[in-house]
């Protein structure tokens, strides 16, 4: 294990770190590291924990991270990372914790994340600039307990497949451009409205959201009938 968290270390992560091929845990969080994540980090094939959160790391997430097949926890949050989330993250089948929040990530959420069936504790992609729809494949994450996609630019409807996430106890989809009905499932009916606030037009059984397919009614409780009246006026002789 290499644990150097919280030591005010500055500068770049050296490429030579890739030579530590037997390293199991790398903790460099809460420092002042800058520059990019070196592609050589993909050589750390025995790594189970990678914590780089709370730095000033910029650039894109290297595709080589997808080669860390023993990775259990990946935390790159609270940095200045940009560009898309690499599809190769979907190769990390042993991943249990994924936190990419509070960066400048753009593009869509890769549907390959749905392959991470071992995810349990946290999938946090909040406070980025992600666009597009929520992939229906996320419904395969049946062990996931917490899902936070808030404060992005996601659009479209919430996939009905998310109702299959039976272990989910916390969800936050607020501050996006989502619309349509909430999926079935206890977490989507028991959550506070703040979990879905500031979207385009979500509806559901959560207090604070409008009911789906609500029909306007008259004062007597009956449905209003919309009648078309056609007037035919004969010209005066």
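In the UniProt record's numbering, the protein residues as written are 1 to 237. Note that beta-carbon positions come from the ideal geometry of N, C-alpha and C, so glycine has one too.
Below-8 Å beta-carbon distance, residue i vs any chain B residue
| i | result |
| --- | --- |
| residue 97 | Of the protein chains in the structure, only one exists, and it is not chain B. |
Whether residue i touches residue j by CB criterion (8 Å)
| i | j | result |
| --- | --- | --- |
| residue 99 | residue 122 | yes |
| residue 172 | residue 195 | yes |
| residue 91 | residue 66 | yes |
| residue 75 | residue 105 | no |
Exposed unless 16 or more other CB atoms sit within 10 angstroms - verdict on residue i
| i | result |
| --- | --- |
| residue 162 | buried |
| residue 183 | buried |
| residue 102 | buried |
| residue 54 | buried |
| residue 69 | exposed |
| residue 126 | buried |
| residue 117 | exposed |
| residue 148 | buried |
Residue i versus residue j - alpha carbon distance
| i | j | result |
| --- | --- | --- |
| residue 132 | residue 138 | 14 Å |
| residue 114 | residue 177 | 22 Å |
| residue 32 | residue 199 | 35 Å |
| residue 22 | residue 88 | 22 Å |
| residue 205 | residue 44 | 47 Å |
| residue 210 | residue 202 | 8 Å |
| residue 77 | residue 128 | 10 Å |
| residue 207 | residue 58 | 40 Å |
| residue 179 | residue 158 | 7 Å |
| residue 80 | residue 11 | 15 Å |
| residue 164 | residue 141 | 8 Å |
| residue 124 | residue 192 | 18 Å |
| residue 84 | residue 16 | 25 Å |
| residue 110 | residue 7 | 34 Å |
| residue 181 | residue 212 | 6 Å |
Spatial neighbours of residue i in its chain, beta-carbon cut-off 8 Å, leaving aside the 5 residues before and after
| i | result |
| --- | --- |
| residue 120 | 96, 97, 143, 144, 145, 167 |
| residue 72 | 48, 49, 94, 95, 96, 97 |
| residue 46 | 21, 22, 23, 24, 70 |
| residue 242 | Because residue 242 is not part of the residues shown, which for the chain are 1 to 237, the question remains open. |
| residue 5 | 27, 28, 29, 30, 31, 51 |
| residue 169 | 145, 146, 187 |
Cβ-based neighbour list, residue i, same chain, cut-off 7 Å, excluding 5 preceding and 5 following
| i | result |
| --- | --- |
| residue 64 | 39, 41, 42 |
Close beta carbons around residue i, own chain, < 6 Å, minus the five adjacent residues each side
| i | result |
| --- | --- |
| residue 303 | Limits of the chain in this structure are 1 at one end and 237 at the other, which puts residue 303 out of reach. |
| residue 82 | 104 |
| residue 156 | 133 |
| residue 185 | 163 |
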